[in-house]
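**Q** Numbering (this note's numbering), first residue to last: 18 to 107. Note that beta-carbon positions come from the ideal geometry of N, C-alpha and C, so glycine has one too. Here it is, the structure in full.
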């Protein structure tokens, strides 16, 4: 009877250790899954950020080109105004 009780206690402890090990493994797996999900989201955000950077650089370039064209147009208009004023003065 005593042997049976000892065996029962050993089995109970072994089951408890197994349950603890399973719980730890599940927690590790859940944490790994969450980290993988966060890494995936982070990669998506980085990709989107790089795309937005490219668009911004393109926009800046376009804005710079437009500014140059406007500056040139203003110069030409100023020349025309000067010519008109000279023509009117003469």
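1. DSSP state of residue 37, grouped into three classes?
2. Do we get a CB-CB distance below 8 Å when we pair residue 20 with the residues of chain B?
3. Once DSSP output is grouped into helix, strand and coil, what is the label at residue 46?
4. Note down the Cα distance separating residue 18 from residue 56, rounded to an integer number of angstroms.
5. From the DSSP output, in three-state form, read off residue 19 for me.
**A** Short version:
1. Shown here, residue 37 sits in a helix according to DSSP, grouped into three states.
2. Included in the structure is just one protein chain, with no chain B present.
3. Residue 46 falls in the helix class under three-state DSSP.
4. Their backbone Cα atoms lie some 56 Å apart in a straight line.
5. Helix, per DSSP.
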